[in-house]
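Novice: Under the numbering used here, the sequence shown has 1649 at position 426, and the numbering climbs by one with no breaks.
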Amino acid sequence: MDNTLMSAATQFHTDADRVSHDLGHRERIRSALRKYEVARDDKQTRFQSWEGARQAAAEIKWEAINHLDQHLEQLVEKLERRGTVVHWASTPAQARDAILSIVKNANARSIVKSKAMTAEEIHLNAALEKAGYSVVESDLGEYIVQLRHEAPYHIVFPAMHLTRGEISELFQRELGSEPTTDPEELTMIARRVLRGQYITADVGITGANFAIAETGMISITENEGNARLTAALPRIHIALLGIEKILPRLEDLALFLPMLGTAGAGQLITCYNTLYGGPRQPGETDGPEEFHVVLLDHNRTALLADAEQRDALSCIRCGACLNVCPIYRNVGGHTYGTTYQGPIGSVITPHLRGLQDWKHLSAASSLCGACTETCPVKINLHHHLLQNRRNAVAERPVWWEKYAMRVFAFGATRPALWRFSLKMAALFQPLHALVKSGPLDPARAWTATRELPPVEGDTFADYWRGRQR
Ligand code: SF4
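1. Compare the Cα-Cα distances from GLU1407 to each of ARG1387, TRP1623, VAL1261 and report the closest residue.
2. Express the C-alpha separation of ALA1617 and GLY1355 in angstroms, rounding to a whole number.
3. Quick check on the DSSP output: the beta strand (DSSP E) that includes ALA1434 runs from which residue to which?
4. Report the CB separation of ALA1454 from THR1438 in whole angstroms; it is logged as a contact under 8 Å.
5. Mark TRP1581 as exposed unless 16 or more other C-beta atoms lie within 10 angstroms of its C-beta, in which case mark it buried.
6. Please return the same chain residues whose Cβ sits closer than 8 Å to the Cβ of ILE1571, not counting the five positions on each side in sequence.
7. Tell me where the beta strand (DSSP E) around SER1442 begins and ends.
8. With DSSP collapsed to three states, give me the class of ASN1449.
9. Between the Cα of VAL1678 and the Cα atoms of PHE1651, LEU1398, SER1357, which residue gives the shortest distance?
10. Going straight from the alpha carbon of LEU1393 to that of CYS1548, what length do you get?
11. Can you give me the C-alpha to C-alpha distance between PHE1235 and SER1588, rounded to a whole angstrom?
12. If you compare alpha carbons, which of LEU1584, ILE1469, ILE1459 is closest to LYS1327?
13. For chain D, find out if any of its Cβ atoms is closer than 8 Å to the Cβ of ALA1639; answer yes or no.
14. Are the region 1554-1562 and the region 1495-1508 in contact at 8 Å, needing three or more beta carbon pairs?
15. Please report the residue range of the alpha helix (DSSP H) in which LYS1336 lies.
16. What does a CB cutoff of less than 7 Å around HIS1294 pick up in its chain, not counting 5 residues either side in sequence?
17. Going by CA-CA distance only, name the one from ILE1378, HIS1377, ASP1405, VAL1379 that's closest to THR1389.
18. Considering Cα atoms alone, identify which of GLU1531, LEU1498, TRP1285, HIS1384 is closest to HIS1605.
19. Can you give me the C-alpha to C-alpha distance between HIS1516 and ALA1434, rounded to a whole angstrom?
20. Quick one: what does DSSP say ALA1316 is sitting in, helix, strand or coil?
21. For ARG1523 versus GLU1467, is the C-beta distance shorter than 8 Å?
22. Tell me the DSSP secondary structure of PHE1514 in three-state form.
23. Suppose you measure from the CA of LYS1266 to the CA of SER1272; what does that come to, to the nearest Å?
24. Distance, Cα to Cα, ARG1576 vs GLN1317?
25. Considering only residues of the same chain and omitting the five flanking positions on each side of ASP1681, which have a CB-CB separation below 8 Å?
26. Return the residue from the list PHE1514, ASP1529, TRP1285 that minimises the CA-CA distance to GLN1610.
27. For CYS1494 and GLU1512, I'd like the C-alpha separation in whole angstroms.
28. At a cut of 8 Å, does the region 1332-1345 reach the region 1299-1306 through at least three beta carbon pairs?
29. In this structure, does DSSP put ASN1603 in helix, strand or coil?
30. Could you spell out the range, first to last residue, of the beta strand (DSSP E) harbouring VAL1678?
31. For the ligand SAH, any of its heavy atoms closer than 7 Å to the Cβ of THR1562?
32. Would you identify the three-state DSSP class for ASP1225, choosing helix, strand or coil?
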């Protein structure tokens, strides 16, 4: 079937089936994540109490989210006081229009961009390219997936699905480089191309990891120094961020920077941590002439209004829940078809893009709770997946489920009938082998890849009586 005609759910199931059978892919993801797990566990022990840090972080973000209006006002007032232009965008279209108009007014030709998931969320690159601008991603992983015309595979590690050999082939094809699988040489090849971009770009676009209400600053944390060059060298700096990025106080960074480094990449702290509070001030020798901050809502206020799931706005996009999720590890990042993958993506995408179209993501979970257990800000992820399932059914009930449950309730509340049904099921189950996985098998969706568990002929009461003897 043409991919453009498939529903998001059908596409997800088709891709999940294909990717989960790819054992090479599975091993590649597992091996990348094994190194991460060792590093993360080591760094967590450096905290006096990782659990205490999680609790403190959850409380700070909860306070920030519950007073979001006040914190945003404070942030904007402080930013504007130093000459920053703040743009409010309710929708992705408004955010794109705001950025396009800044770029147009600046007579810009080329744009350099550092990693920003919000930019993926609003499909910014496609809009800029359609308007005739050249956009180059400066983060190495993002640059690689840009050359492949792909979406990032992971919130933190955009190119984790590729081998060094595949990256080398890509660089040979797209950049005319010599073959190499040495990571340093591969980095240098990309670096030679990217360095020129910083110098010639008129506009630099970044995201933000945090927005500090108290001081009116945005905080960007990274390992390559590319975001710093993206923000500092071009004439104009545009930062695009979701309104939930708020932290109330500057001192909160003392907790959140090492926490993001640890949970996100197994590092004590990321290499470059920079605060931006405005354009170049009189007497300063560097920095952009103009600084624009675009604050994106895109249904975040609707999520804020949901008292049950509001805490999903506390997410600091560390990606830790993806790393431990057995579904993500088997189906991979592209299968989700969303900007945010894994457990957090499955929780928030139905809010951002519509519950009925994206409810299948809530079913793509074993509900093992590993995501909730690892989340540094203690978002109750697996519980929210259950709530999404419940909300989807309440909004649009599946007609036959009601009747199926009635039949079940009828049998389950009549002991004699229940006992008789179990005996019959156990007696006739061997016949199932004759039609197993074929068109006549009513359970073929299950039996195509799994064994049907044998039906116990006895009830629990029979089992209990047997134990007493
Ligand atoms: S939900 Fe938690 S673990 Fe997942 S990306 Fe957000 S902060 Fe990290």
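Note that CB positions come from ideal geometry on N, CA and C, so glycine has one too.
Specialist: Well, looking at it:
1. Translated into positions along the sequence shown, residue 1407 becomes position 184. Here the closest residue by C-alpha is ARG1387.
2. Along the sequence shown, read from residue 1 onward, the residue named residue 1355 stands at position 132. Along the sequence shown, read from residue 1 onward, the residue named residue 1617 stands at position 394. One C-alpha to the other measures close to 45 Å.
3. As a working note, residue 1434 is residue 211 in the sequence shown. 1433-1435 is the span of the beta strand (DSSP E), which, as asked, contains ALA1434.
4. The count along the sequence shown starts at 1 and reaches residue 1454 at position 231. The count along the sequence shown starts at 1 and reaches residue 1438 at position 215. Going by Cβ atoms, the distance from ALA1454 to THR1438 rounds to 17 Å, so no, they are not a contact pair.
5. As a first step, residue 1581 must be located in the sequence shown, where it is residue number 358. Buried, because 16 or more other Cβ atoms sit within 10 Å of the Cβ of TRP1581.
6. Start at 1 with the first residue of the sequence shown, and residue 1571 comes out as number 348. Closer than 8 Å at Cβ, skipping near neighbours: LEU1526, ALA1535, CYS1538, TYR1563.
7. Translated into the one-based positions of the sequence shown, residue 1442 becomes position 219. From DSSP, the beta strand (DSSP E) with SER1442 extends over 1440-1445.
8. Taking the first residue of the sequence shown as 1, we reach residue 1449 at position 226. If DSSP states are grouped into helix, strand and coil, ASN1449 belongs with the helices.
9. The sequence position of residue 1678 within the sequence shown is 455, counting from 1. Nearest option by C-alpha distance: PHE1651.
10. Stepping through the sequence shown from its first residue, residue 1393 is reached at position 170. Stepping through the sequence shown from its first residue, residue 1548 is reached at position 325. Each residue's Cα considered, the two are about 29 Å apart.
11. Taking the sequence shown and counting its residues from 1, one reaches residue 1235 at position 12. Taking the sequence shown and counting its residues from 1, one reaches residue 1588 at position 365. If you take the alpha carbons of PHE1235 and SER1588, they lie about 13 Å apart.
12. Within the sequence shown, residue 1327 is the residue found at index 104, counting from 1. Considering only alpha carbons, the answer is ILE1459.
13. Annotation note: the requested chain D is absent from the structure, which comprises a single protein chain.
14. no
15. Against the sequence shown, residue 1336 aligns to sequence position 113. Element bounds for LYS1336: not the alpha helix (DSSP H) but the beta strand (DSSP E), 1333-1336.
16. One-based indexing of the sequence shown puts residue 1294 at position 71. ALA1287, ALA1436, ILE1469, PRO1471.
17. In the sequence shown, counting from the first residue as 1, residue 1389 sits at position 166. It should be noted that the sequence gives Glu, not Thr, for residue 1389. When only C-alpha atoms are compared, the closest one is ASP1405.
18. The count along the sequence shown starts at 1 and reaches residue 1605 at position 382. The shortest C-alpha separation from HIS1605 is found at GLU1531.
19. Against the sequence shown, residue 1516 aligns to sequence position 293. Against the sequence shown, residue 1434 aligns to sequence position 211. One detail in the question is off: residue 1516 reads as Val in this sequence, not His. Using only the alpha carbons, I get a separation of about 10 Å.
20. Position 93 of the sequence shown, counted from the start, is the residue given in the question as residue 1316. Three-state DSSP puts ALA1316 in a helix.
21. For the purposes of this step, residue 1523 is identified with residue 300 of the sequence shown, where counting begins at 1. For the purposes of this step, residue 1467 is identified with residue 244 of the sequence shown, where counting begins at 1. In contact: ARG1523 and GLU1467 (Cβ atoms closer than 8 Å).
22. Residue 1514 sits at position 291 when you count from the first residue of the sequence shown. If DSSP states are grouped into helix, strand and coil, PHE1514 belongs with the strands.
23. Locating residue 1266 in the sequence shown gives position 43, counting from the first residue. Locating residue 1272 in the sequence shown gives position 49, counting from the first residue. Near 11 Å, if we compare the C-alpha coordinates of SER1272 and LYS1266.
24. Stepping through the sequence shown from its first residue, residue 1576 is reached at position 353. Stepping through the sequence shown from its first residue, residue 1317 is reached at position 94. Each residue's Cα considered, the two are about 16 Å apart.
25. In the sequence shown, residue 1681 corresponds to position 458, counting from 1. Contacts found: LEU1645, GLY1689.
26. Residue numbering aside, residue 1610 sits at position 387 when the sequence shown is read from its first letter. For the residues PHE1514, ASP1529, TRP1285, the minimum Cα distance to GLN1610 belongs to ASP1529.
27. One-based indexing of the sequence shown puts residue 1494 at position 271. One-based indexing of the sequence shown puts residue 1512 at position 289. Cα to Cα, CYS1494 sits roughly 26 Å from GLU1512.
28. no
29. As a working mapping, residue 1603 is identified with position 380 in the sequence shown. Coil, per DSSP.
30. Start at 1 with the first residue of the sequence shown, and residue 1678 comes out as number 455. Note, VAL1678: premise wrong, no beta strand (DSSP E); not H, not E.
31. This structure does not include the ligand SAH; its bound ligands are the ligand SF4.
32. Working through the sequence shown from its first residue, we reach residue 1225 at position 2. Reliability fails at ASP1225, whose pLDDT of 47 lies under 50, so the model's placement of it is uncertain and no value is given.
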